[in-house]
């Protein structure tokens with residue numbers, strides 16, 4: 185049994201706490217750490233987690249802790265990763281690894297130096313239709329990969345205040361999933377250049393501030409494959425996550441737009457329900473990514489998204505931000521320094 | 185070029201006239217015959233059909249005519265078939281062949297004696313997903329056939345006057361298609377017994393008159409296969425024709441519930457259009473069945489629904505009517521006399 | 185926190201043990217009871233269940249236990265239910281309640297007399313597309329219910345020894361789910377008569393022994409609705425559970441045939457994976473039915489399949505067995521004594 | 185009855201000849217013109233077309249001809265259109281209107297000056313799921329349009345000789361359909377700039393010659409909408425034509441990947457057939473576009489793709505070619521001269 189500390193108990197951190205406490209074999213959620221949550225102790229009690237602390241870094245000094253799960257704000261990641269790596273803790277971090285390419289490299293260097301695990305929270309790799317599709321691509325079912333597409337549309341209506349959304353968010357927090365998926369499916373080839381367009385189409389009133397809620401990205405890979413990614417902050421029909429990989433022998437598609445298989449047919453036609461608007465839709469993928477982390481802690485020889493995968497996706501995001509700003513394709517080499 | 189006479193220009197006869205006049209290669213629609221239609225001459229003119237007559241039997245005496253298509257009321261079929269067969273005309277007749285098993289046998293005997301073609305209007309055999317499914321079953325894709333199901337639901341709202349619908353109509357005019365499809369898919373085995381239930385569920389107010397708008401039928405075949413057929417006169421979402429064949433190696437399904445592939449997703453979920461409410465949906469199947477008739481007239485060695493197929497379906501319909509009336513399974517042998 | 189004892193740790197009992205131990209809030213799995221399992225203690229240790237016993241009835245005398253989950257063979261149910269009811273334990277029992285209608289009535293009478301819960305393990309009611317469909321039907325989305333259909337095909341190849349499968353199994357263990365679903369969807373109306381055909385189509389070599397692996401059932405309800413249910417022990421494409429409810433305003437369908445949304449398109453066409461062959465496919469439904477049981481123990485006013493629902497399904501199964509044996513429709517009243 | 189001349193009897197011209205001769209009401213196919221076809225007279229005889237000529241321009245002088253359908257090579261279009269317009273003939277031309285933007289403008293100016301119809305052969309506008317989707321978008325079902333996508337993948341294996349495929353073909357002959365569809369769906373807004381990448385991924389051996397068989401295009405519109413189009417010359421699963429329009433209220437999708445609704449389920453999973461590899465798949469769309477042309481000739485007030493639509497798509501194609509060559513986004517204004 186590995187003892188785990190969870191750092192950060194915001195919305196996604198709380199979801200992770202429940203999953204780690206109840207549904208992952210081989211681990212014990214031993215500490216919750218959050219410097220600011222007013223409900224930290226209540227959450228610990230509800231989940232029978234024996235300890236709670238306001239000082240995340242104190243976990244580094246706790247020899248009884250084997251590994252940490254970092255779900256705190258991105259700005260805190262690099263400092264935490266360096267401290268936990270130095271203390272020999274294995275690390276799971278939410279995406280992105282850090283705010284900048286340079287910081288992501290620092291974090292990776294720290295974990296490499298310490299010889300600890302650094303798993304990045306690309307949960308879509310663990311969603312069942314993506315897992316199955318990747319297996320098909322890896323087996324050669326589509327032949328040589330020529331074309332890839334990945335979509336993330338968050339459920340609407342979009343309710344956040346644009347003024348409180350940092351610049352680049354659509355690339356660093358949303359499309360980073362798509363960039364990782366594209367890199368994963370086109371395994372063995374590196375992104376070469378990136379062209380991105382982004383706009384405030386959901387909230388055109390916020391366009392003047394530089395707010396971006398809609399984006400399209402084109403990525404060219406070294407093997408010639410042409411990839412596209414797209415995102416919107418407001419799909420009124422619920423979560424819309426899809427992917428497609430096309431090659432010399434065929435195509436795989438993944439993702440679906442209805443939460444259940446119930447279909448209604450009436451005088452207005454055929455109807456399915458929406459894909460839903462909460463993260464419970466991805467619960468099984470979250471559970472599987474943490475079970476994988478637990479298995480890795482116990483020595484399993486299993487693939488998982490590593491620090492280098494996080495960096496690769498971050499390079500694409502960084503190039504996309506620059507491309508959207510400058511209106512030209514940007515080479516990965518320009519941002520990889 | 186074979187010269188064809190069309191007998192009967194009611195609703196379906198008019199549809200057939202247009203198809204025969206314009207879309208079937210190798211034939212010429214030379215005569216329209218209808219004893220009662222006030223618009224017969226207008227239809228002939230519109231379609232450039234050179235002749236029209238009020239006397240269907242006059243076609244038998246016309247040596248320039250090679251074949252006839254019979255789309256007149258069922259009660260007229262047997263007399264027409266006997267006359268045309270005696271005159272050496274090849275014959276396509278709408279289903280059912282006749283009102284009774286005995287009359288159907290007379291009609292078949294007449295065409296056999298004359299050595300002319302008798303094709304029965306089971307157009308569903310020519311609908312593309314049924315054609316493809318039958319090919320799969322014949323190739324062994326589902327293994328030994330164990331279970332079959334066929335559905336016909338006509339589009340609602342049902343508007344006919346129950347008092348003017350003859351008893352047994354749901355079996356002889358609607359489910360006869362399903363009985364033929366089941367026999368066709370379970371080729372090589374004969375129906376043994378039939379259990380049917382029927383009711384006035386669409387028009388419960390007409391139940392007292394014996395009107396039936398909803399029915400379910402169970403058929404056991406000599407090879408053990410268990411088949412079901414069902415029908416309703418009022419599907420509010422449009423035409424619903426489907427089929428399923430299950431066997432030792434797998435299953436095929438056919439039919440679909442949307443007229444087009446356009447899909448809308450909005451805050452209420454996913455939506456497709458209805459399957460439609462007019463026979464244009466089956467136009468391609470009608471066209472193909474007549475092209476097959478034309479090809480057969482020109483000597484093609486092609487499968488088509490023959491008189492014996494029409495009889496086999498009629499035996500099931502007759503047994504079903506008796507079963508529904510008597511509340512017990514009825515053996516085909518009881519009605520085959 | 186309610187303390188639960190699980191009776192029976194066979195295949196499905198072991199699955200339930202894991203679910204109850206880890207994934208249901210508000211309960212504690214406190215005892216495992218099985219008179220014969222050689223691995224009982226190991227299972228208890230793995231799941232951190234504090235007690236294990238070879239004597240299921242000893243649970244009745246344990247005042248610390250609030251409720252029991254019965255997953256032992258059907259033949260043991262009635263005695264256990266009577267004992268646990270007398271001891272004031274709330275009861276969840278796997279389906280069917282008992283081997284006979286009379287025993288099912290005894291069990292229900294015992295729980296009624298004791299005022300304890302009797303929830304029956306009709307897990308399909310908790311599968312998400314069935315739940316959603318039932319909600320639509322209850323809201324009137326299909327209008328007056330006229331036609332219902334329910335399918336259960338277990339995954340093949342069928343590997344059990346026909347000689348060890350009790351007569352009637354396809355009705356009492358498999359189709360009982362479908363009978364309950366049909367009753368549930370046609371809520372407020374009672375089944376009136378039943379016609380069933382069954383055969384050994386998967387294992388025709390075992391037909392002489394009376395073995396039945398394939399069945400079709402027609403049920404007429406008091407409100408006129410015509411229902412059908414069907415089952416096979418061997419669907420080579422994996423689990424096939426589907427349902428359909430048709431009414432005066434439309435139709436709902438439920439169930440799906442692919443385990444994931446991944447689709448492959450290649451030179452041979454489009455391909456999805458199978459629906460799978462293990463009960464993990466229904467894990468979420470099992471989890472939800474037990475969470476419902478737990479919620480009911482805590483006083484929630486929630487619908488669940490009760491003893492009377494179990495009896496109603498058993499009456500249909502009993503009538504179906506007789507109908508298949510005697511080749512005639514059987515009224516429910518004939519078997520309800 | 186309008187008398188029509190067809191110019192060009194190559195592969196698509198022959199298909200059009202059959203459609204025009206047999207399936208379009210209100211017209212008579214009176215002349216076939218082709219300077220080079222060795223089978224011109226045979227085709228005319230087969231279709232009962234009364235006249236055939238080696239001199240397409242002779243049609244301009246034939247006062248009995250009301251309108252022409254141009255299906256000859258693109259290089260010939262502008263001269264033919266100018267001649268036929270000058271002679272007062274209404275014109276249907278295959279896409280693209282001409283080889284260059286300047287020539288397309290000349291052709292449009294000629295038809296404008298003569299006051300004759302110029303319909304462009306964007307048949308996808310007449311394919312039923314596109315027609316239905318456009319209706320939904322026009323009715324506001326997706327709200328404000330924010331994102332559009334259009335796919336054309338021709339069936340593989342690709343068999344043409346790359347050396348005989350002119351530069352830019354993927355943009356001018358294939359993606360021109362997608363550009364028109366995107367413009368049509370985003371009606372009322374003009375394309376502003378275009379970014380395109382293209383490569384020889386199907387035939388990498390031909391890359392050195394500048395051959396392009398795979399392309400992705402990003403188009404920004406004046407209303408902010410972000411559109412993408414993509415094409416491949418070799419989809420091994422058959423024709424793949426799809427579209428998607430996303431907006432503030434929802435999304436519509438169109439196109440499908442199976443030719444029929446027959447589905448097979450076996451031990452390997454679920455299977456549909458391919459989408460097919462011949463133009464018969466689009467026959468109904470071709471028939472409808474010509475029926476529309478015929479209706480317009482008879483004065484119908486019906487929308488159809490006009491010369492300005494052809495020009496708009498050609499401007500996008502021209503910008504895309506330049507963008508792919510220069511590796512930068514290209515403004516429409518740069519190529520509109």
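Protein chains in written order, with our numbering: chain A, 185 to 521; chain B, 185 to 521; chain C, 185 to 521; chain D, 185 to 521. The beta carbon of each residue, even a glycine, is placed where N, CA and C say it ideally should be.
Could you tell me whether any Cβ in chain A is nearer than 7 Å to the Cβ of residue i?
{"i": "residue 454 of chain D", "result": "no"}
{"i": "residue 414 of chain C", "result": "no"}
{"i": "residue 334 of chain D", "result": "no"}
{"i": "residue 507 of chain D", "result": "no"}
{"i": "residue 359 of chain D", "result": "no"}
Going by CA-CA distance only, name the one from the options that's closest to residue i.
{"i": "residue 344 of chain C", "options": "C:245, C:218, C:395 and C:214", "result": "C:395"}
{"i": "residue 423 of chain C", "options": "D:310, D:255 and D:451", "result": "D:451"}
{"i": "residue 363 of chain A", "options": "A:461, A:326, A:410 and A:397", "result": "A:410"}
{"i": "residue 328 of chain D", "options": "D:435, D:268 and D:504", "result": "D:435"}
{"i": "residue 418 of chain A", "options": "A:495, A:399 and A:229", "result": "A:399"}
{"i": "residue 376 of chain C", "options": "C:445, C:238 and C:515", "result": "C:515"}
{"i": "residue 211 of chain A", "options": "A:506, A:497 and A:475", "result": "A:475"}
{"i": "residue 310 of chain A", "options": "A:473, A:293, A:368 and A:340", "result": "A:473"}
{"i": "residue 262 of chain D", "options": "D:237, D:292 and D:272", "result": "D:292"}
{"i": "residue 460 of chain D", "options": "D:420, D:483 and D:470", "result": "D:420"}
{"i": "residue 238 of chain A", "options": "A:383, A:221 and A:334", "result": "A:221"}
Does residue i come out as helix, strand or coil in the three-state DSSP assignment?
{"i": "residue 414 of chain B", "result": "strand"}
{"i": "residue 336 of chain C", "result": "strand"}
{"i": "residue 455 of chain A", "result": "strand"}
{"i": "residue 431 of chain B", "result": "strand"}
{"i": "residue 398 of chain B", "result": "strand"}
{"i": "residue 472 of chain C", "result": "helix"}
{"i": "residue 186 of chain A", "result": "strand"}
{"i": "residue 485 of chain D", "result": "coil"}
{"i": "residue 277 of chain A", "result": "strand"}
{"i": "residue 521 of chain C", "result": "coil"}
{"i": "residue 504 of chain C", "result": "helix"}
Answer yes or no: does any C-beta atom of chain C fall closer than 7 Å to that of residue i?
{"i": "residue 421 of chain B", "result": "yes"}
{"i": "residue 213 of chain B", "result": "no"}
So that I know if they touch, is there some Cβ in chain B lying closer than 7 Å to that of residue i?
{"i": "residue 512 of chain C", "result": "yes"}
{"i": "residue 398 of chain C", "result": "yes"}
{"i": "residue 451 of chain A", "result": "yes"}
{"i": "residue 385 of chain C", "result": "yes"}
Measuring from the CB of residue i, is there a heavy atom of the ligand FMN at a distance below 6 Å?
{"i": "residue 329 of chain C", "result": "With respect to the ligand FMN, the structure offers nothing, as it holds no ligand at all."}
Can you find a C-beta in chain D that's less than 7 Å from the C-beta of residue i?
{"i": "residue 404 of chain A", "result": "yes"}
{"i": "residue 425 of chain A", "result": "no"}
Given a limit of 7 Å on CB to CB distance, which residues of the region 428-449 of chain D reach chain B? 433, 434, 435, 436, 437, 438, 439, 440, 444, 445, 446, 447, 448 and 449
By the 8 Å beta-carbon criterion, what residues does the region 366-383 of chain D contribute toward chain A? 379, 381 and 383
Closer than 8 Å, Cβ to Cβ, to anything on chain A: give me those residues from the region 457-469 of chain B, in chain order. 457 and 458
With 7 Å as the C-beta to C-beta threshold (strictly closer), list the residues of the region 318-334 of chain B near chain C in chain order. 330 and 331
At a Cβ cut of 7 Å, what residues of the region 307-318 of chain D count as close to chain B, listed as they run along the chain? 312, 313, 316 and 317
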